[in-house]
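Let me begin by presenting the structure, written as structure tokens, before commenting on it.
Numbering (this note's numbering), first residue to last: 191 to 579.
Below, the structure written as structure tokens:
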């Protein structure tokens with residue numbers, strides 16, 4: 191009897207040991223997981239301000255602004271690659287729009303609403319997810335490297351109230367790249383005549399000849415001016431400033447110099463400094479402008495190809511084939527159908543652009559082993575002949 195009881199106690203003790211060991215493993219795993227999670231989080235304190243007559247919406251805007259400020263503190267840890275450094279403003283604008291996705295948790299430490307000025311400010315303590323931020327930056331890095339068509343040049347000019355339009359140009363660039371456009375900057379214009387053309391366009395000269403000088407570099411130009419109302423000091427404690435920015439710009443199709451749209455963008459921002467208020471207003475003005483003009487912009491770049499007749503005369507079958515192959519490789523060309531008869535070639539070309547642009551494109555075929563000279567151009571056809579050295 192005593193032996194049986196001892197055996198029972200041993201089994202009970204063994205079971206207890208197993209349970210305690212399993213519990214210890216669980217606690218250790220949880221501790222390690224928590225340590226790993228904490229290592230990915232950065233605790234920061236940030237302030238934000240929101241504006242508007244709707245108190246609840248103003249509070250939400252203030253919290254979003256504070257979250258952007260919190261994410262900004264985490265962002266600096268990863269800005270290392272040359273591509274990201276060169277596009278720092280673009281990276282910042284893109285990341286800030288997704289700031290709530292990088293904030294793991296936050297608490298509101300203090301808040302205040304000024305009903306007279308319709309302003310709400312908050313102070314928060316936030317935990318920023320460094321792992322999510324790093325992953326998004328990696329994705330954005332790839333996007334900056336491969337951001338493709340369509341190509342847009344932003345040609346904005348300042349005014350007496352806002353001499354430097356770079357802030358709103360950066361805000362527009364961030365919006366456009368996020369939507370899949372490629373924004374061409376001044377450094378990508380190598381030819382002197384193209385740089386001169388862009389300077390004239392910025393100054394308001396959108397003459398067709400001037401605009402068309404840029405058609406091999408861009409599909410669309412956004413040209414206009416930026417102005418700002420005088421900054422207004424709002425609160426004594428904390429010191430808050432309000433700023434209004436206006437963007438008056440036209441969307442111009444480069445190959446035809448046709449003005450496609452010209453709706454105004456407006457933005458009102460608030461911040462704890464004049465610079466912060468201006469940056470917030472510029473971002474909102476850029477967002478407002480694209481929201482009003484995006485449909486026009488997309489219609490312009492998604493305009494279906496037009497059919498043109500290209501006559502190559504006289505030519506050999508080999509020369510016609512060389513021209514056809516080069517056209518097929520062009521990103522402007524959707525389809526080419528060729529016919530050859532007794533020393534004359536005819537091409538039906540579905541081309542995205544004007545007949546004049548197609549003619550210029552044909553004259554640039556030298557690298558394919560054949561040079562062409564344009565004989566005539568109409569609205570629907572181009573006649574060329576092989577050029578002889």
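The C-beta atom is built at its ideal place from N, Cα and C for all residues, glycine as well. Note that the structure is a prediction, hence the values are computed from the model and not measured.
| message | For residue 418, report the span of its beta strand (DSSP E) as first-last. | response | 410-418
| request: Can you say whether residue 370 is buried or exposed, counting buried as having 16 or more other CB atoms within 10 angstroms of its CB? | output: exposed
| CB of residue 455 within 7 Å of CB of residue 470, strictly | no
| said: Closest to residue 297 by C-alpha separation, out of 326, 312 and 438, would be which residue? | reply: 312
| said: If distances are taken between C-alpha atoms only, which option among 548, 440 and 323 comes closest to residue 263? | reply: 323
| message | So, at 7 Å on beta carbons, what are the nonlocal neighbours of residue 358 in its own chain, with the 5 sequence-adjacent residues on each side left out? | response | 346, 416, 435, 437, 472, 475 and 476
| task | Taking residue 449 and residue 342 to be in contact with their CB atoms under 8 Å, please state how far apart those CB atoms are, rounded to whole angstroms. | result | Residue 449 to residue 342, Cβ: 15 Å. No contact.
| message | Would residue 574 and residue 564 be called neighbours here (beta carbons separated by less than 7 Å)? | response | yes
| query | Should residue 534 and residue 486 be called a contact, given that it needs their Cβ atoms to be closer than 7 Å? | reply | no
| request: Determine the closest residue to residue 320 out of 260, 496 and 403, with distance taken between C-alpha atoms. | output: 260
| query | Thinking C-alpha only, which one of 255, 235 and 231 is nearest residue 241? | reply | 255
| request: Grab me the residues of residue 243's own chain with a C-beta within less than 8 Å of its C-beta, minus the 5 sequence neighbours each way, in chain order. | output: 308
| said: What residue range does the beta strand (DSSP E) around residue 302 cover? | reply: 293-304
| said: So, with DSSP's three-state summary, where would you put residue 405? | reply: coil
| message | Can you tell me whether residue 360 is buried or exposed? The criterion is at least 16 other CB atoms within 10 Å of its CB, across all chains shown. | response | buried
| query | residue 350 lies in the beta strand (DSSP E); which residues open and close that run? | reply | Unbroken run through residue 350: none, as it is neither H nor E.
| message | Nearest by alpha-carbon distance to residue 451: which of 412, 366 and 457 is it? | response | 412
| request: Return helix, strand or coil for residue 451, following the three-state DSSP convention. | output: strand
| query | Would you call residue 465 buried or exposed, if buried means 16 or more other Cβ atoms sit within 10 Å of its Cβ? | reply | exposed
| request: Report the residue from 525, 404, 531 and 390 whose alpha carbon sits nearest the alpha carbon of residue 509. | output: 531
| task | Drop a sphere of 10 angstroms on the beta-carbon of residue 237, count the other beta-carbons inside from all chains shown, and report buried for 16 or more, exposed for fewer. | result | buried
| query | Are residue 430 and residue 235 closer than 7 Å when you measure CB to CB? | reply | no
| request: Tell me, please, which residues DSSP counts as bridged to residue 479. | output: For residue 479, DSSP assigns no beta-bridge partner whatsoever.
| task | Pull up the distance between the alpha-carbon of residue 354 and that of residue 561, whole angstroms please. | result | 45 Å
| query | How should residue 432 be labelled, buried or exposed, when 16 other C-beta atoms within 10 angstroms of its C-beta is the threshold for buried? | reply | Burial check for residue 432: the Cβ neighbour count within 10 Å reaches 16 or more, so the residue is buried.
| Coil, strand or helix - residue 444 by DSSP | coil
| field | Beta-ladder partner(s) of residue 422, from DSSP | value | 432
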